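47 is the number of the first residue of the sequence shown in the numbering used here; add one for each residue after it.
Note that the Cβ used here is the ideal one computed from N, Cα and C, for glycine as well.
Here the structure is a predicted model, which means the values were calculated and not measured.
Following: one structure in structure tokens, then a few remarks.
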Amino acid sequence: MPGIAVLGAQWGDEGKGKIAHLVSKDADYCVRFNGGTNAGHTVVFEDGSNGSSGTGSSEAEFKFHLIPSGAINKGCIGVMGNGMVLEPFSLAKEIKMLRGALGDSAQVRISENAHLILPYHPLIESLEGSESALGTTAKGIGPAYQDKVARRGLRAIDLLDPKRFSEKFARNLYEFKRKFPDSIELDSFETVKITDEILEAAESFKDSITNTIPILHDALDSNKKVVFEGAQACLLDIDFGTYPYVTSSHATIGGISVGAGVPATRLDRIIGITKAFTSRVGAGPFPTEEVGEIGERLRGTGANPWDEFGTTTGRPRRCGWLDLVALKYAARVNGFTELVIVKLDILSGLDEIKVATAYKLDGEVITDFPSQADILERCEPVYETLPSWDEEIRDRRAVEELPPTARSYVKFVEDYVGVPISIISVGRMFEETITTS
Ligand code: IMP
Numbered sequence: 047m048p049g050i051a052v053l054g055a056q057w058g059d060e061g062k063g064k065i066a067h068l069v070s071k072d073a074d075y076c077v078r079f080n081g082g083t084n085a086g087h088t089v090v091f092e093d094g095s096n097g098s099s100g101t102g103s104s105e106a107e108f109k110f111h112l113i114p115s116g117a118i119n120k121g122c123i124g125v126m127g128n129g130m131v132l133e134p135f136s137l138a139k140e141i142k143m144l145r146g147a148l149g150d151s152a153q154v155r156i157s158e159n160a161h162l163i164l165p166y167h168p169l170i171e172s173l174e175g176s177e178s179a180l181g182t183t184a185k186g187i188g189p190a191y192q193d194k195v196a197r198r199g200l201r202a203i204d205l206l207d208p209k210r211f212s213e214k215f216a217r218n219l220y221e222f223k224r225k226f227p228d229s230i231e232l233d234s235f236e237t238v239k240i241t242d243e244i245l246e247a248a249e250s251f252k253d254s255i256t257n258t259i260p261i262l263h264d265a266l267d268s269n270k271k272v273v274f275e276g277a278q279a280c281l282l283d284i285d286f287g288t289y290p291y292v293t294s295s296h297a298t299i300g301g302i303s304v305g306a307g308v309p310a311t312r313l314d315r316i317i318g319i320t321k322a323f324t325s326r327v328g329a330g331p332f333p334t335e336e337v338g339e340i341g342e343r344l345r346g347t348g349a350n351p352w353d354e355f356g357t358t359t360g361r362p363r364r365c366g367w368l369d370l371v372a373l374k375y376a377a378r379v380n381g382f383t384e385l386v387i388v389k390l391d392i393l394s395g396l397d398e399i400k401v402a403t404a405y406k407l408d409g410e411v412i413t414d415f416p417s418q419a420d421i422l423e424r425c426e427p428v429y430e431t432l433p434s435w436d437e438e439i440r441d442r443r444a445v446e447e448l449p450p451t452a453r454s455y456v457k458f459v460e461d462y463v464g465v466p467i468s469i470i471s472v473g474r475m476f477e478e479t480i481t482t483s
């Protein structure tokens with residue numbers, strides 16, 4: 047059985063939760079390897095369709111920030127790898143939610159080397175000003191990864207030794223108070239009170255803290271199905287994204303190696319997820335952004351949960367046409383073996399559909415995605431206009447049932463990127479999905 051990666055191919059929010067859940071239906075393990083509470087993966091399905099006895103309502107919705115989406119499937123163990131940054135209070139809350147849904151069969155494993163987001167991290171982020179300058183999620187992601195790289199971070203394993211945890215916490219807090227002497231909020235932080243609260247929250251998950259590397263390799267060795275669920279996406283990757291308007295982790299294929307200890311050679315399928323258009327939250331260049339009517343039409347009003355408003359922050363997302371230059375770059379960097387196109391239903395009823403097939407930079411036409419954000423900022427999209435369709439397509443379950451123009455749109459994307467499209471999502475519900483093969 048295979049190792050499968052599910053990765054965002056754009057600027058995030060591609061609906062990785064639904065696809066990871068779908069791919070993980072019969073998986074033994076679902077693994078997160080990067081990011082932390084900046085991610086927000088929503089999974090929606092008819093009650094009980096995850097193999098549980100249900101939650102009592104007819105439609106169940108689960109929002110995960112830390113636990114991999116596949117863990118909501120009965121029998122699938124959720125693994126949080128060393129490349130993640132874990133916020134203990136959120137983790138305790140999500141584990142409670144998972145146990146509420148699955149009872150005793152809920153299972154997670156937490157890498158002992160995963161770093162922790164601690165209460166001072168969001169505060170440091172606001173004191174450093176990155177929330178306003180970069181439009182971050184303000185969850186303390188950057189400062190937690192800074193501590194990791196500076197080799198002073200606290201890790202999950204430290205939670206197992208309360209004395210060591212409190213000492214390290216106190217030392218770091220002391221240094222931050224020295225660095226920001228004018229912060230009244232930071233000054234009010236008390237080590238004993240905060241560490242007691244964290245250690246109490248950790249009681250609910252400390253038995254799951256372990257060395258996850260042999261677990262994953264043993265699983266792959268014995269032909270178990272292991273799904274790696276990316277958070278954020280290629281263009282937010284710390285190295286391959288539009289730096290500095292990026293997150294602080296590796297959201298691309300290499301993130302699995304460094305964030306879970308599993309090399310790409312162990313992956314049989316590398317699935318890239320793209321929307322049928324493009325969206326991004328936060329600051330940074332976005333060549334195909336539409337600020338007028340089309341942008342609003344693609345975003346939706348917020349009346350529906352699937353409209354383009356952040357799962358984690360509620361912020362309206364910037365929206366625009368599909369950028370094939372960026373998508374091809376993502377396919378190259380990640381080595382996608384297949385593509386999933388989501389939200390095709392949102393394009394129904396438009397007068398025409400545009401896709402960017404090149405950029406114009408200083409009068410020259412280019413097709414390589416620039417590696418510098420300031421150069422990308424100067425790029426004008428070169429569009430190809432494709433015919434649209436009027437029909438509502440959320441009830442279609444086979445490619446042949448799609449309007450011919452919708453089929454040719456999908457084919458155009460497939461041909462340009464050079465990667466086959468294996469799944470088309472036509473709605474946010476689990477069953478609103480077309481498998482192409
Ligand atoms: P951070 O990850 O909170 O540091 O934010 C850095 C950038 O990544 C900002 O532009 C955020 O809006 C963006 N970002 C982080 N997580 C997500 C996500 O899950 N979806 C979309 N954008 C994200």
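- Membership of GLY82 in any alpha helix (DSSP H) is not indicated, and neither H nor E is assigned to it by DSSP.
- The beta carbon of TRP352 is closer than 7 Å to those of ARG474 in its chain, skipping five residues each way along the sequence.
- Around the beta carbon of GLY409, fewer than 16 other beta carbons sit within 10 angstroms, so the residue counts as exposed.
- Apart from sequence neighbours up to five positions away, the residues of its chain that approach ARG363 with a beta-carbon distance below 8 Å are ASP59, SER325, ARG326, VAL327, ARG345, GLU354, PHE355 and GLY356, ordered along the chain.
- Short of 6 Å from the beta carbon of TYR375, and not among the five residues preceding or following it, lie these beta carbons of its own chain, in chain order: PHE415.
- If you compare the alpha carbons of VAL465, PRO227 and ALA444 with that of LEU370, the shortest gap goes to VAL465.
- At least one heavy atom of the ligand IMP sits closer than 7 Å to the Cβ of GLN278.
- Here the alpha carbons of ARG343 and THR481 stand approximately 27 Å from one another.
- Shortest gap from the CB of TRP367 to any heavy atom of the ligand IMP: 7 Å or more.
- Remark: the shortest separation between the CB of VAL327 and any heavy atom of the ligand IMP falls under 7 Å.
- Counted as a single uninterrupted DSSP element, the stretch harbouring GLU243 is not any beta strand (DSSP E) but the alpha helix (DSSP H) occupying residues 237–248.
- Rounded to the nearest angstrom, the gap between the Cα atoms of ALA117 and GLU231 is 37 Å.
- By the Cβ criterion, the segment 50–57 is in contact with the segment 267–286, since at least three pairs of Cβ atoms, one from each stretch, lie closer than 8 Å.
- Judged by the Cβ position, ALA85 qualifies as a neighbour of the ligand IMP at the 7 Å threshold, a heavy atom of the ligand being closer than this.
- Under the three-state reduction of DSSP, LYS64 is assigned to helix.
- The residues ALA184, LYS185 and GLY186, in chain order, have a CB closer than 7 Å to that of PRO168 in the same chain once the five nearest residues on each side in sequence are set aside.
- Listed in chain order, the non-local C-beta contacts of CYS365 below 6 Å within the same chain comprise SER325, GLY341, LEU344, ARG345 and GLU354, local neighbours out to five positions each way being set aside.
- Beta bridge pairing from DSSP links TYR291 with no other residue.
- Within 7 Å of the C-beta of TYR289 there is not a single heavy atom belonging to the ligand IMP.
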